[in-house]
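K.L.:
Sharing a structure below in structure tokens format, with a few things to ask.
Protein chains in written order, with the working numbering: chain A, 1383 to 1815; chain B, 13 to 143.
The structure is reproduced here in structure tokens:
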């Protein structure tokens, strides 16, 4: 029996990209992973569950197992024939795969969108309107003395965020739990709220009102109502005073703000609040990015096209207009006539009407999981797991790039997303000649 | 008896683990096809943990299991993990943002005896057969 131990493994689960994991490999199988949260550990130990390693195409008489070349050929024919294909997903794969995806989208004149579209897309729209005061998680770990989680429940979504970067972290200048104050603002009294020093329970769909009241109080103007969004006037002034009196504050915001009434306007207001706070003290804001490389998708899309998501190449040049060129809107208008899904499961995650549109047209899926989308696809091409079976690059939620490592061999014949996409791109170019 | 509440969807541990254990796993199905309600709202509806309720929005209805309350929800709020079950009643309109509203949705809840779709594949087949 051969035991190999790999240190400093980067976890390919959430946007924290914890880079201190230790993987123990016995005879080519992962038998244990140290330092990971329950999600990371579950991924490393169970990634082969519900997996197919054989490409499948939908034939006249049902689904047929085929070789990779045949599946790539069928996928390329679908994409070349399509007048307005949608290329969606990209947040659970490497930056290298995202780059090839963008090249493919340009080649076929399609729309390429990533899962930001139904996650922190509204945040990005607001960042483009207002701007952002931000920094790295390392600075927060070393210096932040006021941590606010707003509409975010990291103890269920980013389990090691608190211990690695905020109240549990031993930073250079802030070393102890008592050196920091933690505030949670949420509709529910969540697990995260229970470990906070202060919890403010906001009414659903009322974040915009609360942020506006905080901005009023911050500017020494009178909040006229006795209660705003479920918080008393005294609570609002207490919270503002806490914000003003800290040395280095940060707001981590989650989908509680982006998915509620107001969407990007909630983020506009939150960014403006933080901008206002910088007239009094040092204050920063950061979205809690979910999938392990959704931040990378935004970064790669931006340096390739100028735009972070929802990029339309049908005019021959990149065009961006969320609400128009975003995946759900294109599906609802019935405009796209074929889809390529990479490293995402939109049939399970989109609202039913959008899912129905997706499965009603030719659908190609590249994913290491036997996802619900892969099961519904006309062409399903299994890939290997980046960060476990192949190497690549991913961006942490603070847009720091980190290397994903290969620690075990993939099943024989199971290629990476990059290799499969390059094969499709090559075949598309052959067909277009 | 029915009540009107505000629906919040989001991450739950079983939903997060289900992403890796597989969406056909029992853990995923049990965790995701469920709904957490305030104890007072459960009393009004006359339901207990593991009873079934039907949740309806302007875009559809779905039957869910009443889950044990993990994290307190205020009265008038229901929490359901993200997933294909609840997505069958989420409206697709994005109001020009690209993002449908997955949180803060007005829904009606009433107790029912049956109707829980047992398997995620059945939901997808229903999607396909609609076209």
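Where is the CB? At the ideal position from N, CA and C, for every residue including glycine.
1. Which chain A residues sit within Cβ distance under 9 Å of residue 81/B?
2. What number of angstroms, rounded off, separates the C-alpha of residue 1748/A from the C-alpha of residue 1725/A?
3. Chain B partners of residue 1569/A, CB-CB under 9 Å?
4. Ignoring anything shorter than 3 residues, give me the beta strand (DSSP E) runs that lie fully in the stretch 1647–1707 of chain A, in order along the chain.
5. Of the choices 124/B, 107/B, 30/B and 111/B, whose alpha-carbon is the least far from that of residue 13/B?
6. Strictly by DSSP, which residues pair up with residue 1576/A?
7. Between residue 102/B and chain D, is any beta-carbon pair separated by less than 9 Å?
8. Under 9 Å between C-beta atoms, does residue 143/B make it to chain A?
9. Can you check the stretch 1733–1787 of chain A for any alpha helix (DSSP H) of at least 4 residues that lies completely inside it and give the ranges in chain order?
10. Tell me whether the beta-carbon of residue 1602/A lies closer than 9 Å to the beta-carbon of residue 1582/A.
11. Could you check whether residue 1396/A and residue 1634/A sit closer than 9 Å to each other, using their CB atoms as the reference points?
12. Is DSSP giving residue 88/B helix, strand or coil here?
13. Whose Cβ in chain B lies nearer than 7 Å to the Cβ of residue 1428/A?
14. Count the other CB atoms, across all protein chains shown, that sit within 10 Å of the CB of residue 1607/A; report buried if there are 16 or more and exposed otherwise.
15. Rounded C-beta distance between residue 1789/A and residue 1405/A? I'm assuming under 8 Å.
16. Any idea which residues DSSP pairs residue 1582/A with across the strands?
17. If you draw a straight line from the alpha carbon of residue 27/B to that of residue 1681/A, how long is it in whole angstroms?
18. Report the partner residues of residue 121/B according to the DSSP bridge assignment.
19. Pull out every residue of the stretch 120–135 of chain B whose Cβ sits closer than 7 Å to any Cβ of chain A, in chain order.
20. Which one or two residues does DSSP pair with residue 1723/A in a beta bridge?
21. Does the distance from the CB of residue 17/B to the CB of residue 75/B come in under 9 Å?
22. Let me make sure I understand the geometry here. Which of 1574/A, 1553/A, 1523/A and 1592/A has the alpha-carbon closest to that of residue 1541/A?
23. So, is the C-beta of residue 1624/A closer than 9 Å to a C-beta in chain B?
24. Count Cβ pairs between the stretch 1515–1529 of chain A and the stretch 1706–1718 of chain A that sit closer than 8 Å; are there 3 or more?
P.N.:
Taking the coordinates as given:
1. Within chain A, no residue comes near residue 81/B; the closest Cβ sits about 10 Å away, beyond 9 Å.
2. For residue 1748/A and residue 1725/A, the gap between their C-alpha atoms comes out near 6 Å.
3. Result: 18, 20, 85, 86, 89, 91, 115 and 116.
4. Scanning the stretch 1647–1707 of chain A from its first residue to its last, the whole beta strand (DSSP E) runs of 3-plus residues come out as 1664–1669.
5. Considering only alpha carbons, the answer is 124/B.
6. Answer by DSSP bridge pairing: none, since residue 1576/A is not bridged.
7. The chain inventory of the structure shown lacks chain D, comprising the protein chains A and B.
8. Low local confidence applies: a pLDDT of 46 at residue 143/B is under 50, so the model's placement there is unreliable, and no value is given.
9. 1734–1741 and 1754–1758, all fully within the stretch 1733–1787 of chain A.
10. Contact check for residue 1602/A against residue 1582/A fails: the beta carbons are separated by 9 Å or more.
11. Not a contact, by the Cβ cut-off of 9 Å.
12. Three-state result, residue 88/B: coil.
13. Residues of chain B passing the Cβ test: 32 and 33.
14. When all chains shown are included, residue 1607/A counts as exposed.
15. Contact between residue 1789/A and residue 1405/A is confirmed by a C-beta separation of about 5 Å, below the 8 Å threshold.
16. Looking at the DSSP assignment, residue 1582/A forms a beta bridge with 1567/A.
17. Going by the C-alpha atoms only, they are around 27 Å apart.
18. For residue 121/B, the pairing in a beta bridge is given by DSSP as 15/B and 67/B.
19. Flagged, chain order: 132 and 133.
20. Per DSSP, 1470/A and 1747/A.
21. No, they are not a contact pair.
22. Of 1574/A, 1553/A, 1523/A and 1592/A, the smallest CA-CA separation from residue 1541/A is found for 1574/A.
23. Taking Cβ atoms only, chain B never reaches closer than 9 Å to residue 1624/A, which makes this a no.
24. Contact fails: fewer than three Cβ-Cβ distances are below 8 Å.
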